[in-house]
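The working numbering puts the sequence shown at residues 256 to 627.
Think of the CB as a built atom: it goes at the ideal place given N, C-alpha and C, for glycine as much as any other residue.
Note that the structure is predicted; figures quoted are calculated from it, not measured.
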Amino acid sequence: MRHVTHELLAPVPGTARQIHSFHFGPERAERKVYIQSSLHADELPGMLVAWHLKQRLAELEQAGRLRGEIVLVPVANPIGLEQVLMDVLLGRYELESGQNFNRWFVDLSEEIGNRIEQQLNDDPRHNLLLVRRELKAALAAEVPATQLQSQRLALQRIACDADMVLDLHCDFEAVTHLYTTPEAWPQVEPLARYIGSEASLLATDSGGQSFDECFTLLWWDLQQRFGERFAMPMGSFSVTVELRGQGDVTHPLASQDCQAILDYLTQFGVIDGEIALPPALRYPATPLAGVEPVATPFGGLLVFHALPGEYLEAGQLIAEIIDPISDRVTPVHCSTAGLLYARSLRRMATAGMVIAHVAGREAYRSGYLLSP
């Protein structure tokens with residue numbers, strides 16, 4: 256195992272933060288997998304899973320069972336991890352800029368396309384290596400102006416040549432679910448089965464240039480631009496895995512999720528061993544554009560009537576909003592039939608607040624599909 260420290264830009268003199276990456280298996284292997292956790296620093300189940308993975312990968316490496324390089328970044332957001340205000344960890348947004356830590360990673364699709372256009376040919380392997388070489392060079396040439404930009408760049412530089420990218424997150428109160436692209440779904444479906452995903456949400460471009468899509472969109476854009484003239488492979492696929500809710504930080508769950516990821520990496524071919532038969536898919540993959548963000552028209556005490564993991568019919572009651580001054584009780588129903596996969600952790604709603612997400616089977620939204 257190699258331990259590499261990546262220094263971040265210090266915002267003021269006398270401060271320093273780093274990203275730590277742990278590299279298992281052969282350094283120049285044919286295949287590379289990148290796994291990170293807690294990019295939203297207040298989402299900690301993935302950090303415990305990463306800790307379990309670190310122990311297991313060390314054992315597998317010692318036993319000579321790693322066929323590819325597996326890179327693990329257990330703390331992907333040291334900036335957010337330090338944002339504790341009055342005993343509350345605020346790890347979703349950077350306090351200085353107000354930006355979501357998982358948005359606005361560098362988009363180099365057009366630049367890479369311009370660099371490689373005259374060098375492409377009919378050999379997909381040649382084109383894959385060419386894109387990766389130019390992407391690494393372009394990311395190395397980027398000069399961050401802020402600590403947040405340097406953190407984003409550090410993560411992109413480590414992961415940019417990976418065949419597979421797994422980004423471990425969680426929701427507020429939720430069942431296990433994941434986000435990936437329709438193009439990657441055939442490769443990702445076994446992971447959904449192993450991990451017990453109860454909702455698998457698909458979108459090629461959900462908006463916001465999040466970490467997972469900064470890789471898949473680059474390859475997709477290059478395919479759209481050059482696919483009719485050259486053999487342009489999809490050189491990377493990414494998955495955001497939501498490991499239930501923020502409070503689900505336990506060794507039994509983390510050990511279970513760790514084993515599911517190892518089973519998937521064995522099936523993918525980067526770990527040598529017997530391939531475990533994945534269980535049945537719990538709920539079919541659905542478009543991210545089919546998700547209903549259920550919002551409340553009024554503020555008040557939030558009392559849920561539906562649990563994450565329940566299948567809801569259109570018009571079913573999800574919650575009540577109670578005004579303890581006027582005694583007004585406002586029922587909140589879903590408009591779409593589907594799986595309630597996540598709901599708010601807060602119990603005092605504000606007017607217009609999204610309190611739950613329901614995975615419907617038919618796309619009806621467009622444009623920016625993510626939460627802020």
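Look at D426 here: in three-state DSSP terms it is strand. If you look at L517, you'll find it in the alpha helix (DSSP H) that goes H506 to F523. Its Cα nearest to that of V328, the residue L421 stands out among D518, L421 and G462.
DSSP lists S455 and V496 as the bridge partner or partners of L433. The shortest CA-to-CA distance from I576 to any of G593, A597, F553 and R598 is the one to F553. Residue ranges of uninterrupted alpha helix (DSSP H) with 4 or more members, entirely inside the region 362 to 410 and ordered along the chain, are 364 to 371 and 379 to 396.
Its Cα nearest to that of V267, the residue A400 stands out among R358, A400 and H307. Taking the C-beta atoms as reference points, G335 is found nearer than 8 Å to E349.
For A614, the enclosing beta strand (DSSP E) covers residues V609 to A614. Following the DSSP letters along the chain, one finds A574 in no alpha helix (DSSP H) but inside the beta strand (DSSP E) bounded by residues L572 to I577. Under the 8 Å Cβ criterion, the region 508 to 526 does not count as touching the region 536 to 545, having fewer than three qualifying pairs. Rounded to the nearest whole angstrom, the CA to CA distance from D527 to G319 is 8 Å. Secondary structure remark: continuous beta strand (DSSP E) runs of at least 3 residues inside the region 266 to 321, in chain order: 273 to 279 and 287 to 292. Between R347 and D297, the beta carbon gap of about 6 Å places them in contact (Cβ cut-off 8 Å). Taking each of Q411, Y434, F485 and A454 in turn and checking the Cα distance to D460, the smallest one comes out for Y434.
Between the alpha carbons of F523 and F466 lies a distance of about 22 Å. Membership of V330 in any alpha helix (DSSP H) is not indicated, and neither H nor E is assigned to it by DSSP.
The C-beta distance from V584 to A574 rounds to 11 Å, too long to meet the 8 Å contact threshold. Taking a 10 Å sphere around the C-beta of M256, we find fewer than 16 other C-beta atoms and assign the residue as exposed. Around the C-beta of R380, fewer than 16 other C-beta atoms lie within 10 Å, and the residue is accordingly described as exposed.
With fewer than 16 other beta carbons inside 10 angstroms of its own, I530 counts as exposed. Note that the C-beta distance between F492 and Q442 is below 8 Å.
Fewer than three Cβ pairs drawn from the region 377 to 393 and the region 447 to 461 lie within less than 8 Å of each other, which leaves the two stretches out of contact. DSSP, reduced to helix, strand and coil, places I413 within a helical segment of the structure shown. With distances taken between CA atoms, Y619 lies nearest to P542 out of P542, P586 and E372.
In the DSSP assignment, the residues bridged to L567 are G593.
Closest in C-alpha terms to S405, from the list G500, N355, Q373 and F360, comes F360.
A395 and M603 have their C-alpha atoms spaced approximately 45 Å apart. The alpha-carbon separation between E262 and L294 amounts to approximately 17 Å. Beta-bridge partners assigned by DSSP to P533: none are found.
Contact between the region 279 to 286 and the region 407 to 416 is not established, with fewer than three Cβ pairs separated by less than 8 Å. Residue pairing by DSSP places H588 opposite L572 in a beta bridge.
Remark: C-beta atoms of L410 and A305 do not approach each other more closely than 8 Å. Looking at the backbone, the Cα of S590 and that of G622 are separated by about 20 Å. E314 is positioned such that its CB atom lies no closer than 8 Å to that of G280. Excluding the 5 residues flanking it on each side, M487 has same chain C-beta neighbours closer than 6 Å at N382, L477, Q478 and F481, in chain order.
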